[in-house]
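Sequence positions in the sequence shown follow UniProt numbering and run 2 to 311. One structure is given below, encoded as structure tokens.
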Amino acid sequence: TKHFVDMNSDSPTKIVKLIQLSEQFKAGFKVNVKRPVYAANLFFENSTRTHASFYMAEQRLGMTVLDLNMATSSTQKGESLEDTVKTLQALGTDIEVIRHSQNGWYEAMVADKSFTTSLVNGGDGSGQHPSQCLLDLMTIYEEFSYFKGLSIGIIGDLAHSRVAKSDAQLLHKLGANVYFSGPKEWYDESFTPYGQYVENIDELIEKLDVVMLLRVQLERLNTNSVKQFKALDYHTQFGLTKARLKKAKQQAIIMHPAPVNRGVEIDSDLVESPQSRIFKQMANGVFARMAILASLLDEKGLLQEDLNID
Ligand code: CP
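Listed below in structure tokens is the structure:
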């Protein structure tokens, strides 16, 4: 069974094909399923963009969607994620889109060949967020048409960010120059293979083609850290202010996976500024997720068309 749980083992050729397929869907490309296809969405952690855009993508691909409310599911009675997925598989679902707080929730199920349903990672704790990664790559590719040599700064709450991990690994693989900035205590050595840490954002910003900001994830900080966190201080030291943006290249773009803490990571006015691609990222998310789901349907032999992704 093919799954989409991270993009780390994907070749640059496959990644570019997925970006191109996302663009084809954006241009109106349609696929036809050979039989009714059923997708289940299981969001154990909060979500607006990922959940809604997977739902849109599933609908646009002609799937029937079981959109489960995990707060009222039998997981609340102690049923495990594995048994929940086995149950949905027994009911006849073909694809499960899952967001869960546990890093690597998918690992045992991917290794277990009795799972014939396809697992899609909608974000695992502070692990990976591969569908966000694809929509981010799509947005960067639309702007520049290449990755090699682009300077991309990922700035903010790196330690808790699954987006930072997925994006840094893939951008490095595609030949971009990746830089990290933000509070030193939120940087860890696991990022070192993928790019360079520059604490002073004012030094970094001048060289960037992409200024990618991360949300400060107060829900993942311990109580003491939340008490000590000063939004204004963070904004002054690491936030994208209007004055800082003036130091960046005129063609530099601003990205943020959202939700945005306006006035913390970024000056609120800059969210809708001409250099911002934040809402474009969200729009692209539907097409990137169509590409992910269609590539799985293709692998499962459920499409009339041959997408030729692998
Ligand atoms: N970017 C992102 O994953 O947003 P949601 O948490 O709203 O899905």
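The C-beta atom is built at its ideal place from N, Cα and C for all residues, glycine as well.
Residue 183 holds the alpha-carbon nearest to the alpha-carbon of residue 267 among 183, 148, 41, 8. No Cβ-Cβ contact shorter than 8 Å links residue 142 with residue 173. The Cβ atoms of residue 138 and residue 178 lie no closer than 8 Å to each other. The criterion of a C-beta distance shorter than 8 Å is satisfied by residue 310 and residue 22. For residue 290, the enclosing alpha helix (DSSP H) starts and ends at 279-300. Looking only at 5, 223, 251, the smallest Cα-Cα distance to residue 275 is reached by 251. Your pair residue 39 and residue 65 checks out as a contact, with CB atoms roughly 5 Å apart and the cut at 8 Å. Here the stretch 242-259 does not lie against the stretch 224-231, with fewer than 3 beta-carbon pairs under 8 Å apart. Relative to the non-hydrogen atoms of ligand 1, the Cβ of residue 50 comes within a distance shorter than 7 Å of at least one.
For residue 253, the three-state secondary structure derived from DSSP is coil. Residue 270 sits in a helix when the DSSP states are folded into three classes. For residue 130, the distance from the CB to the nearest heavy atom of ligand 1 is below 7 Å. The beta carbon of residue 197 sits no closer than 7 Å to any heavy atom of ligand 1. Residue 191 sits exposed, since fewer than 16 C-beta atoms from the chains shown fall within 10 Å of its C-beta. By a beta-carbon distance limit of 8 Å, residue 199 contacts residue 180. Their separation comes to about 6 Å. Separation of residue 188 and residue 306 (C-alpha to C-alpha, rounded to the nearest whole angstrom) is 44 Å. In this structure, residue 297 keeps its C-beta atom at 8 Å or more from the C-beta atom of residue 31.
Excluding sequence positions up to five before and after residue 18, its CB lies within less than 6 Å of the CB of 310, all in the same chain and listed in chain order.
Counting only runs that start and end inside the stretch 118-142, the beta strand (DSSP E) elements of at least 3 residues fall at 119-125. Taking the Cα positions, residue 241 is about 22 Å away from residue 222. Taking C-beta atoms as the reference points, residue 55 and residue 123 count as a pair closer than 8 Å.
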